[in-house]
Amino acid sequence: MPYVASSAIFVVAGAVAIIALLLSAVVSPEIGYALLCLLMVMVCLADLLEEERARRRRVASLAPRPRLDPVPAIWIAVALLASAMVTPYGFESAHRVAAVIVGLCALAMTAIAWRIATASQQLTGENPEAERVKERACRAVRVGISSALAVAIVFVFAAFVNQTSTNVTALERYIVDVTFYAFLVLWIGGMLYGWALHRLRPRSA
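My numbering runs 4 ahead of the 1-based position in the sequence shown.
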């Protein structure tokens, strides 16, 4: 609970600081958005690190590291490709700094998704087969959400820049469309795939 409270305070304080910078015209709106993305990624990364520490502290049997599930692996690949889609904006001097920050944030979210997908299973040992099914389902949902957020970071940035720019290329319009539909597929697909896995019956002993 203290960790959750400190994270909430950090997010609120960071958001207020970004709003203050925007209102005082110290940073442009797109830089403000990039900083907001950076704030979100920092919180997600801190949450992942806290989970890693908790995993090491628990007294539980660690199952062998599972092979990467092929479906989440595809989601991670899509998120990685979406991260590269900010590249055209990086060639424009007006958007270069924001594009670099947004691209790095998307890559960081993709890395978080990868870590979630490849982390060791941790079971209590009471009902290992049932726990494996539940753990796999929860892992899939989290990977889907993290991958979808990586794509969403790029989508919102591209949509915002295109809306305010006077010279939008066909490629930049294409980026908005692709990332929007990719976000929907990853978000909905992650939920449905996790639900389907959760309904699997554990193998009988």
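We put the beta carbon where it would ideally sit given N, CA and C, even for glycine.
The model shown is predicted, which means the values in this text are computed figures rather than measured ones.
Drop a sphere of 10 angstroms on the beta-carbon of residue i, count the other beta-carbons inside from all chains shown, and report buried for 16 or more, exposed for fewer.
| i | result |
| --- | --- |
| Ala29 | exposed |
| Val106 | buried |
| Thr173 | exposed |
| Ala64 | Summary for Ala64: the model assigns pLDDT 49, below 50, so the residue's position carries little reliability, and this model does not support an answer. |
| Ser97 | exposed |
| Trp199 | exposed |
| Leu72 | exposed |
| Ile3 | In the structure as shown, the chain begins at 5 and stops at 209. Residue 3 is therefore absent and cannot be evaluated. |
| Ala81 | exposed |
| Ala144 | buried |
Considering only the alpha carbon of each residue, which of the options lies closest to residue i?
| i | options | result |
| --- | --- | --- |
| Val47 | Val16, Val90, Thr183, Glu139 | Val16 |
| Leu42 | Gly198, Ser150, Arg136, Leu108 | Leu108 |
| Gln167 | Val137, Glu34, Gly193, Tyr185 | Glu34 |
| Asp181 | Phe161, Ala144, Ile116, Glu133 | Phe161 |
| Leu85 | Met44, Ile179, Arg136 | Ile179 |
| Gly18 | Leu39, Phe95, Leu27 | Leu39 |
| Ala170 | Leu25, His99, Ser124 | Position check: residue 170 holds Thr in this sequence, whereas Ala was assumed. Closest option to Thr170, Cα to Cα, is His99. |
| Ala123 | Leu25, Glu55, Leu27 | Glu55 |
| Tyr197 | Arg146, Arg136, Glu133 | Arg146 |
| Met44 | Ile13, Arg57, Gln125 | Ile13 |
Would you kindly check if the distance between the Cβ of residue j and the Cβ of residue i is under 8 angstroms?
| i | j | result |
| --- | --- | --- |
| Ala141 | His202 | yes |
| Gly148 | Met195 | yes |
| Ser151 | Ala77 | no |
| Trp118 | Leu190 | no |
| Val158 | Val90 | yes |
| Pro92 | Glu176 | yes |
Among residues of its own chain, excluding the 5 on either side of residue i, which ones have a beta-carbon nearer than 8 angstroms to its beta-carbon?
| i | result |
| --- | --- |
| Tyr37 | Ala102, Val106, Val160, Phe161, Phe164 |
| Gly94 | Arg100, Ala103, Val104, Gly107 |
Grab me the residues of residue i's own chain with a C-beta within less than 7 angstroms of its C-beta, minus the 5 sequence neighbours each way, in chain order.
| i | result |
| --- | --- |
| Ser87 | Gly107, Ala110, Leu111, Thr114, Ala154, Val158 |
| Ile116 | Cys48, Leu49, Leu52, Ser150 |
| Phe187 | Ala152, Val155, Ala156, Phe159 |
| Leu204 | Val137 |
Just to check, is the beta-carbon of residue i closer than 7 angstroms to a non-hydrogen atom of the ligand SAH?
| i | result |
| --- | --- |
| Val172 | Among the ligands in the structure shown, none appear at all, so the ligand SAH cannot be discussed. |
For residue i, which residues in the same chain have their Cβ closer than 6 angstroms to its Cβ, ignoring the five residues on either side in sequence?
| i | result |
| --- | --- |
| Ala209 | Bear in mind that a pLDDT of 41 at Ala209, under 50, signals an unreliable position, so the model cannot answer this. |
| Phe184 | Phe159 |
| Glu139 | Gln125 |
| Met31 | In the sequence as displayed, the identity of residue 31 is Val instead of Met. Excluding positions up to five away in sequence, the list reads Leu25. |
Problem set entry | 3 or more residues per run - each beta strand (DSSP E) lying fully within the segment 155–184 | none
Exercise. If you scan the segment 102–147 from start to end, which runs of the beta strand (DSSP E) of 3 or more residues do you find wholly inside it?
Worked result: none
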